[in-house]
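Novice:
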Amino acid sequence: MLLSRKIKETIIKNIFFLSAAFSILIILFIFYFLFQQAFPAFQHSGLDIFGTNWNPPEGKYGIGAAIYGTIIVTIGAMIIAIPLGIAGAIFLSELAPSYLRTTLKPIIELLAGIPSIVFGFIGIILLVGYLHLTFDMLSGYSYLAGALILGIMAVPIIVSMSDDAMKAVPREIKEASLALGATKWQTIKKVIMPTSISGISAAVILGIGRAVGETMAVSLVLGNIMKIPIPPWNIFESKGTTVTSFIVTEMGESSGLQTKALFASAVILFIIVAIMSISSNILKQRVQKKFKGG
Amino acid sequence: MFIVTQKEKKVGMLIITLFAIAILTTTLFSGCTENKPAGTTATLSLGGSTTVQPIADACAQAFMVLHSNITVQVYGGGSGVGIKGVAGGTYDIGDASREAKASDLTDIQGVTLSDLVAHKIALDGIAIIVSKEIYNAGVTNISKTQLKGIYNRTITNWQTLGGPNEAIFVVGRDTSSGTYTSINDMLGLNQSTQILDVARSENAQVKAAVAGQNNGIGYVGLGFVDANTPAVKLNGISPSISTVTDNTYPLSRSLYMYTKGPASGVEQMFIDFVLSTDGQKIVEQEEFVPLPK
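Protein chains in written order, with the working numbering: chain A, 224 to 517; chain B, 130 to 422.
1. Output the boundary residues of the beta strand (DSSP E) element that contains Tyr-348(B).
2. Can you check whether the C-beta of Ala-251(B) is within less than 8 Å of a C-beta belonging to chain A?
3. Once you ignore the five residues that flank Ala-484(A) on each side, which residues in its own chain have a CB closer than 6 Å to its CB?
4. Gly-207(B) and Ser-178(B) look like a contact to me (Cβ under 8 Å); what is the Cβ gap, rounded to whole Å?
5. How is Leu-485(A) classed by DSSP in three states: helix, strand or coil?
6. Would you give the residue range spanned by the beta strand (DSSP E) that His-248(B) belongs to?
7. Can you give the Cα-Cα distance for Phe-469(A) and Arg-228(A), rounded to whole angstroms?
8. For Ala-497(A) and chain B, any beta-carbon pair shorter than 8 Å?
9. Relative to the ligand ADP, is the shortest distance from any of its heavy atoms to the C-beta of Pro-391(B) smaller than 7 Å?
10. Leaving out five residues before and five after Thr-162(B) in sequence, what residues of the same chain have Cβ atoms less than 6 Å from its Cβ?
11. Would you mind giving the Cβ-Cβ distance between Pro-279(A) and Gln-481(A), rounded to the nearest angstrom? I have them listed as a contact below 8 Å.
12. Strictly under 8 Å for the Cβ-Cβ distance: is Tyr-364(A) near chain B by that measure?
13. If contact means a Cβ-Cβ distance below 7 Å, which residues of the region 438-466 of chain A contact chain B?
14. Leaving aside the five residues before and after Ile-305(A) along the sequence, list all residues of the same chain whose C-beta is less than 8 Å from its C-beta, in chain order.
15. Output yes if chain A places a C-beta closer than 8 Å to the C-beta of Phe-417(B); else output no.
16. For Phe-240(A) and Lys-231(A), I'd like the C-alpha separation in whole angstroms.
17. Residues of chain B with CB closer than 7 Å to the CB of Ser-339(A), please, in chain order.
18. Thinking Ala-425(A) and Phe-342(A) are a contact (beta carbons under 8 Å), I'd like their distance in whole angstroms, please.
19. What does Ser-477(A) touch in chain B if you count any residue whose Cβ is under 8 Å from its own?
20. Exposed or buried, what is Arg-382(B) when buried is set at 16 or more other beta-carbons lying within 10 Å of its beta-carbon?
21. For a test of the three-state rule: what should DSSP assign to Pro-329(A), helix, strand or coil?
22. Got a sec: which bits of the region 310-342 of chain B sit with their beta carbon under 9 Å from any beta carbon on chain A, in order along the chain?
23. List the whole-angstrom C-beta distance separating Ile-312(B) from Ile-255(B), where the pair is believed to meet the contact cut-off of C-beta under 8 Å.
24. Between which two residues does the alpha helix (DSSP H) containing Thr-372(B) stretch?
25. Leaving out the 5 sequence neighbours to the left and right, which residues in its chain are closer than 6 Å to Phe-273(A) when beta-carbon positions are compared?
26. Taking the C-alpha atoms as reference points, what is the distance between Val-327(B) and Leu-384(B)?
27. Going straight from the alpha carbon of Ile-222(B) to that of Thr-304(B), what length do you get?
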């Protein structure tokens, strides 16, 4: 009986180990494949790959404009999503009456599950035309449209995860604050927000992650031209692209070094996302330490 | 008894996991190696025009499935490279999106234009579509020079072309597209002078972008013209299969495969395949116009 239990345990342990090893293996394969495919482009272009000159017939493969576009669209999306998301979470977890909460929460979670192509489709049908007419833009295709779509897509993630984090704040702490005579707003600002800040920052980082990696929705509403608008902060200009959007637009018929250059942009995206997720972990640990100490 | 069945289940899962890993590993690694069919008896190399390249690539894939003992390699480089390559012996077949000129052969010793044989394999015709509002406002015919002006941004307002006072919204294709290259060739533009507002990766998306605005112009394959995105006439000639076939439409041209001397052996087999019903179907799939029967 004891023996069979032991055997059972070893087997289970090994299965879990294999599952863990499997996902690491996949990451390693992706890593290897990406770098192997991208290497010729890095070899060909060197640091010029970060430049802004994309001209395949002349052998120029600079994807700097796409990296710039990814950054600007992500910043724009976060300017929209962070205030909306956190405010929504505060309302849901602290202010909403319970009947409203029980109806709103599932709806918001449903919103997070809508496929990105649907957002892109709505963007191209409604948003682009609306922007074109409202802002008297040459066309609605722009960083602005991309940032709006991505911001809206990130809101439900931030709301839902931040709400979970705020709900996880122990009842006693909240009640202690209220019992000391603090108002509801003071309690939210001084007690609930600081205690749940690690969960909220995790939510924001996940939202940013979605914005950086999102492909279909943005590729539909951007111009997909490998150029930095003039001036660079002109978010109404249609010239511009993001790394993901450029890869999906150009991959179809590309061949030779051009394909390799697209793989190189994927490598750069991979590195950006890796740096972000590592720094988010460091940030999270720091925040946690700070609040444990204080 | 119960424990044993549990264990069996786990062992089963373990085996499945191992299997999955094994399959993944083998497929990934086999994907990395070049798969040259064993027992290759002949090779054929094609090179030249990047416009013809998608046709050559797709035909080569299909051809190699039919003839597993023949390896076909396709290279790009441009029409000039293709004509020089076939004359100099680098390629068996040279792809070109224009007719060969004597100046292509100045570097090649002992080969004259009459040694090269042109095989017309497909037609290339591009329609220029505009937003309905623009067409209805009276812009139904533009000249090829005006079109070039729109795409290199010397003309930026529809008023110049007799339309409303609206900025021109210029839609085109992604830089890896054959149609993008065709437009550059036909209008005498290049990567830095074809200045687009929006690049799309499919004909249908170009059409949607032009239809969705009231100030757009774009270029698509002949099959994508309809009432929502009317095609304008170029130099007074409307785009159609017949105007492309007889080469009167300004944005039309023939695509060629050149051989040195009459095609023979494997070259002949390949060109015959491109000209066959299956080959011409591939031409159509790659968004070019098949040869009239």
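Backbone N, C-alpha and C fix where the C-beta goes; we use that ideal spot for every residue, glycine too.
Specialist: If we stick to the structure as given:
1. Segment 345-350, the beta strand (DSSP E) holding Tyr-348(B).
2. It does not; no Cβ of chain A falls within 8 Å.
3. Only Ala-264 and Tyr-284 meet the Cβ criterion.
4. 6 Å
5. helix
6. 245-259
7. 55 Å
8. The beta-carbon of Ala-497(A) is placed no less than 8 Å from the nearest beta-carbon of chain B.
9. With respect to small molecules bound, the structure shown includes none, and the ligand ADP cannot be examined in it.
10. Note on Thr-162(B): pLDDT 40, under 50, position unreliable in the model; the coordinate value appears next. Nothing meets the Cβ criterion.
11. 5 Å
12. yes
13. Gly-446, Asn-447, Ile-448, Ser-461 and Lys-462
14. Ile-381, Val-427 and Gly-430
15. It does not: the Cβ of Phe-417(B) has no partner Cβ on chain A nearer than 8 Å.
16. Approximately 14 Å, taken between the alpha carbons.
17. Going along chain B, no residue has its Cβ under 7 Å from Ser-339(A), so there is no contact; the nearest lies around 16 Å.
18. Contact doesn't hold; Cβ gap of about 23 Å is too wide.
19. Ser-305
20. With 16 or more Cβ atoms within 10 Å of its Cβ, Arg-382(B) is classed as buried.
21. helix
22. Correct list: Thr-310, Asn-313, Asn-319, Gln-320, Ser-321, Ile-324, Leu-325, Asp-326, Val-327, Ala-328, Arg-329, Ser-330, Glu-331, Gln-334, Ala-337, Ala-338, Gly-341 and Gln-342.
23. 6 Å
24. 370-374
25. Closer than 6 Å at Cβ, skipping near neighbours: Gly-287.
26. 28 Å
27. 25 Å
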